[in-house]
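Trainee: Let me begin by handing over the structure; questions about it come next.
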Amino acid sequence: MVAKTVNQRAWFLVLPVLFIVALNAIIPLMTVVNYSIQDTFSPGVFFFEGTKWYQEVLSSSRFHSALGRQFLFTAIILAIEIPLGVAVALAMPRTGPWVSVCLVLMALPLLIPWNVVGAMWNIFALPDIGLLGYGLNWLGFDYNYTQQPVAAWFTVVLMDVWHWTSLVVLLAYAGLSSIPDAYYQAAKIDGAGRFAVFRYIQLPKMKRVLIIALLLRFMDSFMIYTEPFVLTGGGPGNSTTFLSIDLVKAAIGEFNLGIAAAMSILYFLMTLLVCWVFYTLMMRGEDET
Amino acid sequence: MKRTKIIVVFVYILFLMLPIYWLLNMSFKTTNEILGGFSWYPQNFTLDSYITIFTDPTWYNGYINSITYVLINTVISVSFALPAAYAFSRYRFMGDKHLFFWLLSNRMAPPAVFVLPFVELYSAMSLFDTPLAVALAHCLFNVPLAVWILEGFMSGVPREVDETAYIDGYSFPHFFVKIFMPLIAAGIGVTAFFCFMFSWVEMLLAKNLTSVSAKPIVAIMTKTASTSGYELGLLAAAGALTIVPGAIVIWFVRKYIAKGFALGRV
Amino acid sequence: MAKIKLNQLAHSYYPNPGSDEDYALKSMDYDWDDGGAYALLGPSGCGKTTLLNIISGLLQPSKGRIEFDDVDVTQRTPEERNIAQVFQFPVIYDTMTVAQNLAFPLHNRGVEAQEVERRVADMLETLELSAKADRRAQGLTADEKQKISLGRGLVRYDVNAILFDEPLTVIDPQMKWQLRTKLKELHQRFKHTMIYVTHDQTEALTFADKVVVMFEGEVVQIGTPEELFERPSHTFVGYFIGSPGMNILPCAIDGAAAIVDGHRIPLGFHYNPPAKAKLELGVRPEFVRFAKNTEYGVPVSIERVDDVGRHRIAKVHLGQHSINVLLAEGEPVPSYNIAVVCDPIRSGVYANDHRIEGQALKEASAW
Numbered sequence: 000m001v002a003k004t005v006n007q008r009a010w011f012l013v014l015p016v017l018f019i020v021a022l023n024a025i026i027p028l029m030t031v032v033n034y035s036i037q038d039t040f041s042p043g044v045f046f047f048e049g050t051k052w053y054q055e056v057l058s059s060s061r062f063h064s065a066l067g068r069q070f071l072f073t074a075i076i077l078a079i080e081i082p083l084g085v086a087v088a089l090a091m092p093r094t095g096p097w098v099s100v101c102l103v104l105m106a107l108p109l110l111i112p113w114n115v116v117g118a119m120w121n122i123f124a125l126p127d128i129g130l131l132g133y134g135l136n137w138l139g140f141d142y143n144y145t146q147q148p149v150a151a152w153f154t155v156v157l158m159d160v161w162h163w164t165s166l167v168v169l170l171a172y173a174g175l176s177s178i179p180d181a182y183y184q185a186a187k188i189d190g191a192g193r194f195a196v197f198r199y200i201q202l203p204k205m206k207r208v209l210i211i212a213l214l215l216r217f218m219d220s221f222m223i224y225t226e227p228f229v230l231t232g233g234g235p236g237n238s239t240t241f242l243s244i245d246l247v248k249a250a251i252g253e254f255n256l257g258i259a260a261a262m263s264i265l266y267f268l269m270t271l272l273v274c275w276v277f278y279t280l281m282m283r284g285e286d287e288t
Numbered sequence: 000m001k002r003t004k005i006i007v008v009f010v011y012i013l014f015l016m017l018p019i020y021w022l023l024n025m026s027f028k029t030t031n032e033i034l035g036g037f038s039w040y041p042q043n044f045t046l047d048s049y050i051t052i053f054t055d056p057t058w059y060n061g062y063i064n065s066i067t068y069v070l071i072n073t074v075i076s077v078s079f080a081l082p083a084a085y086a087f088s089r090y091r092f093m094g095d096k097h098l099f100f101w102l103l104s105n106r107m108a109p110p111a112v113f114v115l116p117f118v119e120l121y122s123a124m125s126l127f128d129t130p131l132a133v134a135l136a137h138c139l140f141n142v143p144l145a146v147w148i149l150e151g152f153m154s155g156v157p158r159e160v161d162e163t164a165y166i167d168g169y170s171f172p173h174f175f176v177k178i179f180m181p182l183i184a185a186g187i188g189v190t191a192f193f194c195f196m197f198s199w200v201e202m203l204l205a206k207n208l209t210s211v212s213a214k215p216i217v218a219i220m221t222k223t224a225s226t227s228g229y230e231l232g233l234l235a236a237a238g239a240l241t242i243v244p245g246a247i248v249i250w251f252v253r254k255y256i257a258k259g260f261a262l263g264r265v
Numbered sequence: 000m001a002k003i004k005l006n007q008l009a010h011s012y013y014p015n016p017g018s019d020e021d022y023a024l025k026s027m028d029y030d031w032d033d034g035g036a037y038a039l040l041g042p043s044g045c046g047k048t049t050l051l052n053i054i055s056g057l058l059q060p061s062k063g064r065i066e067f068d069d070v071d072v073t074q075r076t077p078e079e080r081n082i083a084q085v086f087q088f089p090v091i092y093d094t095m096t097v098a099q100n101l102a103f104p105l106h107n108r109g110v111e112a113q114e115v116e117r118r119v120a121d122m123l124e125t126l127e128l129s130a131k132a133d134r135r136a137q138g139l140t141a142d143e144k145q146k147i148s149l150g151r152g153l154v155r156y157d158v159n160a161i162l163f164d165e166p167l168t169v170i171d172p173q174m175k176w177q178l179r180t181k182l183k184e185l186h187q188r189f190k191h192t193m194i195y196v197t198h199d200q201t202e203a204l205t206f207a208d209k210v211v212v213m214f215e216g217e218v219v220q221i222g223t224p225e226e227l228f229e230r231p232s233h234t235f236v237g238y239f240i241g242s243p244g245m246n247i248l249p250c251a252i253d254g255a256a257a258i259v260d261g262h263r264i265p266l267g268f269h270y271n272p273p274a275k276a277k278l279e280l281g282v283r284p285e286f287v288r289f290a291k292n293t294e295y296g297v298p299v300s301i302e303r304v305d306d307v308g309r310h311r312i313a314k315v316h317l318g319q320h321s322i323n324v325l326l327a328e329g330e331p332v333p334s335y336n337i338a339v340v341c342d343p344i345r346s347g348v349y350a351n352d353h354r355i356e357g358q359a360l361k362e363a364s365a366w
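Residue numbers (numbering that gives the first Met the number 0), protein chains in the order written: chain G, 0 to 288; chain A, 0 to 265; chain Z, 0 to 366.
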């Protein structure tokens with residue numbers, strides 16, 4: 000690969016993007032920062048509070064438990080979706096008319112508005128009229144996600160798996176289709192078994208797309224709001240109240256602007272930190288090739 | 000071996016289709032029948048819900064509003080991202096790497112963080128309750144994504160193409176539109192698809208940035224759910240119809256979809 | 000090491016092949032000797048790679064059998080056939096080191112660790128990669144990667160055959176020569192049956208004891224480089240081998256003479272060609288020369304003379320046919336009464352593209 004040429008005028012090409020993203024990112028972010036260090040009792044009257052809200056948020060058990068639930072949820076869905084997605088991608092036919100059909104069907108859940116996803120599952124999982132709820136009870140499980148926290152978690156996780164595993168499938172499949180036939184032929188000649196083919200050919204070739212998959216799924220699951228909100232409303236109790244749900248509750252429900260803003264900033268910083276680690280890893284992987 | 004694979008794919012697709020089937024199933028039932036109990040298929044098949052949606056302006060305007068802001072957003076995202084992606088794929092400049100990461104970091108910003116400031120911002124710009132407000136707000140995550148995907152596709156085009164064109168005397172805009180864009184047509188298609196998709200499925204911002212005249216379909220659904228009791232049949236039909244635009248768009252890009260998801264750089 | 004026998008072998012990529020056209024490989028019967036170095040030569044799309052993949056077992060032939068040492072192996076996998084194959088583009092296992100790459104096929108076959116170590120060290124030495132043994136294979140240059148691909152085949156001493164599918168495509172010219180020499184050396188050392196696919200005649204002629212020329216799914220000739228040059232058995236071989244290729248002129252046959260465009264060209268043999276066949280006279284530029292002053296020749300006109308390094312080649316016209324004539328060093332180009340003479344013994348007659356044999360004349364006229 001030829002080295003890119005240095006050209007400072009390239010900045011002009013980036014300006015429009017910079018402008019539109021800055022409008023959407025910097026101004027609102029400043030507003031949030033503003034809120035996070037001030038207090039208000041009536042519109043337009045603000046008092047400087049310094050790090051008070053931050054201290055309050057960081058020491059509140061409510062934030063801790065929302066954060067804990069968030070990490071648990073993200074960990075569970077990553078642990079399910081990544082291996083499942085890879086497995087399905089491996090099972091996909093490599094050529095033929097069925098490929099398009101499979102891909103289109105698999106992509107469908109990705110294209111459904113998130114609150115429709117939530118609403119769909121809200122009904123799908125109801126014990127009396129939903130297929131999932133009815134089926135589970137018919138099989139002898141005592142299942143009612145509106146009352147049992149464990150059932151609620153099960154439903155939220157299953158919904159997320161349903162909604163997003165296809166993204167991993169499509170990414171992994173893209174990685175797999177980039178492997179030339181000669182690799183599989185050489186492996187046959189070398190006497191490699193099915194597992195060795197996976198370990199030494201398929202996995203290394205999928206590495207890059209899997210990092211992208213991990214990154215996207217981490218970001219999106221960490222900021223999940225609409226689907227669980229529509230499905231369970233964060234309940235029963237607070238059992239499925241993830242960070243975003245808690246945040247909106249604080250900001251709009253309780254009008255605790257300072258707290259909500261401080262939470263927002265902390266939340267954003269955490270996502271950024273994790274993604275920065277991923278991004279660095281990804282870029283390093285790229286330099287090697 | 001072959002059979003296990005087919006079973007895995009089949010079971011997975013079946014799992015994906017079941018909730019969608021259930022939605023369709025309900026959309027052809029009356030609300031009374033839905034609430035009346037469990038049944039595998041509609042006992043009294045009815046198209047009433049669909050007829051209501053296509054005849055009641057509050058309903059179909061919702062779709063029109065949604066499609067309007069999604070299309071505006073797609074056009075803005077792609078056209079703004081094109082030159083920027085070109086800059087990132089071809090040149091090094093001061094702060095390029097930091098800028099790229101900063102752009103991507105906005106894709107990571109939780110929309111929940113931005114709801115309130117956005118309402119203030121767009122009210123101040125007197126864009127509140129217009130499709131343009133939603134379209135611009137969605138640029139927050141779609142523009143970085145578009146830059147990312149396009150940059151990947153552009154890096155796949157050899158730099159010699161640019162050099163040859165400049166030597167042949169093309170100006171930059173002429174070269175870009177006449178030669179370069181056709182080369183990455185698939186990439187532009189995939190990018191447009193992704194922008195369409197993420198703008199179409201987002202609802203937190205879309206709902207909060209509108210109130211009456213620009214209300215998106217997803218917000219109308221939640222409103223209906225709370226005001227007119229549970230019109231489940233109607234809700235199911237409205238939900239089923241939200242799948243249609245995405246399905247149409249995905250059919251067009253099905254050939255590129257796998258590659259596009261890999262962001263062009265596999 | 001094994002003798003390879005193709006028995007009525009044919010292959011089509013269509014599930015229900017109808018006419019001959021559907022076959023990528025037309026029915027063939029050949030024996031390939033144990034320990035021979037064969038080159039499969041032919042233009043792109045002639046079926047070379049198909050044949051190679053059938054021999055290695057990556058592809059199942061639609062018809063016929065393939066035998067190793069008289070044992071039918073048609074249904075066996077590449078692993079069971081114990082075959083090594085090297086592909087056009089280097090295939091390496093990115094995450095392994097160079098040494099691990101070479102050890103991989105041995106590990107898969109359960110070779111003892113000590114033996115693996117010994118052979119890998121030996122192969123690293125042979126390929127001159129010892130210094131990079133513990134480097135990740137990913138960061139190497141294309142020709143180093145291809146050397147590893149070669150090495151993975153060669154570490155298996157007991158293979159029945161090693162197949163090469165245009166292995167030097169991505170290699171620099173300088174390196175090409177070195178690797179080819181290396182291959183020859185290894186062939187002499189291990190006496191493996193080697194089959195080498197290429198579309199480059201130099202590569203084929205320098206590598207192989209026997210060259211198999213393929214054209215449109217058929218083997219048109221198997222022979223030593225000399226045989227291919229002196230007695231091409233198909234017009235394609237004449238045209239494909241040699242630079243420039245053989246002159247092929249439509250003609251009629253009258254006993255021991257070919258009639259081209261109304262001119263008699265004497266031949267060394269007496270021919271009885273089949274009726275209604277398409278007849279052609281084939282003679283290499285090396286065996287055509289300009290007639291000396293008084294000598295009888297076929298009158299031609301000169302179009303141009305090209306200097307191609309060691310030789311000069313005159314392109315002349317006989318009626319509407321053009322003929323290449325190789326000029327000897329320092330030979331002047333005649334300027335009047337221009338005529339050419341063909342070596343009668345080395346001129347061949349082709350009926351429907353296949354060489355036909357004639358009866359010897361009582362007194363063969365000398366060149």
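Even for Gly, the Cβ is constructed at its ideal location relative to N, Cα and C.
From A/Y59 to A/N31, what does the alpha carbon distance come to, in whole angstroms?
Mentor: 24 Å
Trainee: Could you please give me the residues that DSSP links to Z/D30 through a beta bridge?
Mentor: In DSSP, Z/D30 forms a bridge with Z/K4.
Trainee: Between A/T73 and A/C194, which are expected to be in contact by the criterion C-beta below 8 Å, what is the C-beta distance as a whole number of angstroms?
Mentor: 4 Å
Trainee: Give the single residue among A/M16, A/A132 and A/D161 whose Cα lies nearest to the Cα of A/N207.
Mentor: A/A132
Trainee: Whose Cβ in chain A lies nearer than 7 Å to the Cβ of G/P112?
Mentor: W199, V200, M202, V217 and T241
Trainee: Note down, in chain order, every chain Z residue with its Cβ under 8 Å from the Cβ of G/P203.
Mentor: Y92, D93 and T94
Trainee: Return the chain-ordered list of same chain residues with a C-beta closer than 8 Å to the C-beta of A/V7, the five sequence neighbours on each side being excluded.
Mentor: Cβ-Cβ distances below 8 Å link A/V7 to nothing in the same chain once the five nearest sequence neighbours on each side are left out.
Trainee: With a cut-off of 8 Å, does the C-beta of G/M0 fall near any C-beta of chain Z?
Mentor: Because G/M0 carries a pLDDT of 44, less than 50, the predicted location of this residue cannot be relied on, and no value is offered for it.
Trainee: Would you mind stating whether Z/G63 and Z/S11 have Cβ atoms separated by less than 8 Å?
Mentor: no
Trainee: Which complete alpha helix (DSSP H) runs does the segment 107-147 of chain G hold, if anything under 4 residues is left out?
Mentor: 113-123 and 130-137
Trainee: Since G/A106 and G/L170 are thought to touch, with beta carbons under 8 Å apart, how far apart are those beta carbons, to the nearest angstrom?
Mentor: In fact, because the Cβ distance is near 12 Å, the residues do not count as touching under 8 Å.
Trainee: Residues of chain G with CB under 7 Å from A/N60, in chain order?
Mentor: Those do not exist, as A/N60 stays about 16 Å from chain G at its closest Cβ, beyond 7 Å.
Trainee: When you compare each of Z/I240, Z/E124, Z/H320 and Z/I355 to Z/T197 by their alpha carbons, which one comes out closest?
Mentor: Nearest C-alpha to Z/T197: Z/I240.
Trainee: Short of 8 Å Cβ to Cβ, which residues in the segment 112-124 of chain A face chain G?
Mentor: V112, F113, V114, L115, P116, F117, E119 and L120
Trainee: Taking 6 Å as the limit between beta carbons, can you name the residues of its chain near G/T288, skipping five residues before and five after?
Mentor: Low local confidence applies: a pLDDT of 41 at G/T288 is under 50, so the model's placement there is unreliable, with the coordinate-based value given in what follows. None.
Trainee: Looking at C-alpha atoms only, which residue of Z/G138, Z/A112, Z/V85 and Z/I147 is the closest neighbour of Z/S129?
Mentor: Z/I147
Trainee: Use the C-beta contact count for A/W21: other C-beta atoms within 10 angstroms, 16 or more gives buried, fewer gives exposed.
Mentor: buried
Trainee: Quick one: grab the DSSP three-state call for Z/G281.
Mentor: The answer is strand: DSSP assigns Z/G281 an E or B state.
Trainee: What would DSSP say about Z/P265, mapped onto helix, strand or coil?
Mentor: strand
Trainee: So, at 7 Å on beta carbons, what are the nonlocal neighbours of G/Y182 in its own chain, with the 5 sequence-adjacent residues on each side left out?
Mentor: I200
Trainee: Please report the distance separating the alpha-carbon of A/R106 from that of A/W147.
Mentor: 10 Å
Trainee: When you compare the segment 78-85 of chain Z with the segment 180-194 of chain G, are there three or more beta-carbon pairs, one atom per stretch, that lie closer than 8 Å?
Mentor: yes
Trainee: When Cβ atoms are compared, which residues of the segment 91-112 of chain A fall closer than 8 Å to chain G?
Mentor: R91, F92, M93, D95, L98, F100, L102, L103, S104, N105, R106, M107, A108, P109, P110, A111 and V112
Trainee: Starting from Z/E143, trace the alpha helix (DSSP H) both ways and give me its first and last residue.
Mentor: A141 to L153
Trainee: Who does Z/F163 pair with in a DSSP beta bridge?
Mentor: Z/V85 and Z/Y195
Trainee: Which same chain residues, not among the five before or five after G/G84, have their C-beta less than 6 Å away from its C-beta?
Mentor: Correct list, in chain order: T164, V167, V168 and A171.
Trainee: Specify, as a first and last residue, the run of the beta strand (DSSP E) that Z/Q113 falls within.
Mentor: Where Z/Q113 is concerned, there is no enclosing beta strand (DSSP E), although the alpha helix (DSSP H) it sits in stretches over A112 to T125.
Trainee: Which class does Z/P104 belong to by DSSP, given the choice of helix, strand or coil?
Mentor: helix
Trainee: With 9 Å as the C-beta to C-beta threshold (strictly closer), list the residues of the segment 12-29 of chain A near chain G in chain order.
Mentor: Taking 9 Å as the upper bound on Cβ-Cβ separation, chain G lies near residues I12, F14, L15, M16, L17, P18, I19, Y20, W21, L22, N24 and M25 of the segment 12-29 of chain A.
Trainee: Thinking C-beta only, is A/A235 closer than 8 Å to A/Y49?
Mentor: no
Trainee: Between G/A118 and chain A, is the shortest Cβ-Cβ distance under 8 Å, so that the two count as touching?
Mentor: yes
Trainee: So Z/C45 is in the alpha helix (DSSP H); what residue range does that whole segment cover?
Mentor: First-last for Z/C45: undefined, no H or E at that position.
Trainee: Do Z/V97 and Z/A36 have their beta-carbon atoms positioned less than 8 Å apart in this structure?
Mentor: no
Trainee: Hey, Z/A38 and Z/Y195: beta-carbon distance below 8 Å or not?
Mentor: Yes; because the gap between Cβ atoms is below 8 Å, this pair is in contact.
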